[in-house]
Ligand SMILES: [Zn+2]
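Residue numbers (my numbering): 84 to 400.
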């Protein structure tokens, strides 16, 4: 099968389209589309916050497709449209049994800790699969497993309540778009920071210095100190990304005197992915798609990543 293959650690120059063996597993998925996210770019560069294996490596954390071989599954039929929960989890460790599969002791991000979905086929098991409802087309569904789920889990982790004020920094990014839409759908008063004018269609208002109850800051160092000051007493900062660096300064007095909280968040749970699919259908939420590239043009997709004006998706079949 055709796959995007990182042949050795460290860089686009070591990455090409290659012909590799179809993987083996309980079930086989024919990949239709895959979303391009910062985690994939970092994986190709060999610069993630996680260990990358194996090499040669197929990246791709976020993808959708159809069931090609159902194996022994009693839930799925061949041809079913499915999205893949983007984390490995064993279902038996202490975190998994308390419903926190995203931090499974033996888990990891698909496409980082294991080969991923930037390929024509992906082998998995039914516990990683979700049916795509008829109301959702593939191109809407493909943004849910990483972009949508990361934002949804972060807002839940921050205990966002109706009428609370939330600020989403970097709102036009993959998770930022969902941060705005989902916070709005949860009844919050949403502010955003973005250079893109289309962001206003997603709901919310441009931020102009308001203090907030929840700050969604996935950008890391460059935005850490500056925005912390706008967190109200009792406020929660939730973070899940380090695009501009991994270190930040913290005023400890500011934190405890106002009983503010800093919350780390990563991915989301299978249960949340199921809730998210329902929510997105009910509220008709769609992120902005910029371009779909056939897999043979993956290098153009990656080269244009920093120029993107909405989501970039790779097409595999
Ligand atoms: Zn586990």
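Positions of the beta carbon are idealized from the N, C-alpha and C atoms, including for glycine.
Could you say which of the options lies nearest to residue i if we only look at CA atoms?
i: residue 107; options: 205, 172 and 273; result: 205
i: residue 171; options: 198, 164 and 147; result: 198
i: residue 157; options: 191, 208 and 169; result: 208
i: residue 95; options: 137, 142, 118 and 310; result: 142
i: residue 316; options: 274, 258, 298 and 155; result: 298
i: residue 155; options: 275, 111 and 193; result: 111
i: residue 263; options: 242, 238 and 162; result: 238
i: residue 290; options: 324, 251 and 265; result: 251
i: residue 101; options: 397, 379 and 387; result: 379
i: residue 361; options: 325, 214, 242 and 344; result: 214
i: residue 242; options: 93, 399 and 271; result: 271
i: residue 355; options: 258, 348, 284 and 232; result: 232
i: residue 274; options: 294, 249 and 373; result: 249
i: residue 185; options: 347, 381 and 389; result: 347
i: residue 257; options: 84, 388 and 93; result: 388
i: residue 89; options: 128, 104 and 116; result: 128
i: residue 396; options: 125, 126, 98 and 144; result: 144
Is residue i near ligand 1, going by C-beta to nearest heavy atom under 7 Å?
i: residue 190; result: yes
i: residue 141; result: no
i: residue 174; result: yes
i: residue 236; result: no
i: residue 211; result: no
So the beta strand (DSSP E) residue i belongs to, where does it begin and stop?
i: residue 276; result: 272-276
i: residue 48; result: Nothing can be reported for residue 48, as the shown portion of the chain is limited to 84 through 400.
i: residue 244; result: Looking at the DSSP string, residue 244 is not in any beta strand (DSSP E), and its letter there is neither H nor E.
i: residue 376; result: 372-377
i: residue 296; result: 295-299
i: residue 315; result: 314-322
i: residue 205; result: 204-207
i: residue 149; result: 145-152
State the start and end residues of the unbroken alpha helix (DSSP H) segment that holds residue i.
i: residue 394; result: That residue, residue 394, is in no alpha helix (DSSP H); its beta strand (DSSP E) goes 394-398.
i: residue 307; result: 304-311
i: residue 363; result: 353-366
i: residue 339; result: 335-340
i: residue 387; result: Premise fails: residue 387 is in no alpha helix (DSSP H) and is neither H nor E.
i: residue 124; result: 121-128
i: residue 227; result: That residue, residue 227, is in no alpha helix (DSSP H); it is neither H nor E in DSSP.
i: residue 104; result: Counting along the chain, residue 104 falls outside any alpha helix (DSSP H), and DSSP gives it neither H nor E.
i: residue 482; result: With the chain running from 84 to 400 in the structure shown, residue 482 is simply not present.
i: residue 180; result: 177-180
What residues are listed by DSSP as bridge partners for residue i?
i: residue 214; result: 165
i: residue 197; result: 193
i: residue 346; result: 321
i: residue 88; result: 99
i: residue 251; result: 275 and 299
i: residue 170; result: 192
i: residue 288; result: 274
i: residue 236; result: Partner(s): none; residue 236 has no beta bridge.
i: residue 140; result: 89
With hydrogens ignored, establish whether the beta-carbon of residue i is closer than 7 Å to any heavy atom of ligand 3.
i: residue 272; result: This structure simply doesn't include ligand 3; it includes ligand 1 instead.
Kindly indicate if chain B contains any beta-carbon less than 8 Å away from that of residue i.
i: residue 273; result: This model lacks chain B altogether, as it is built from one protein chain only.
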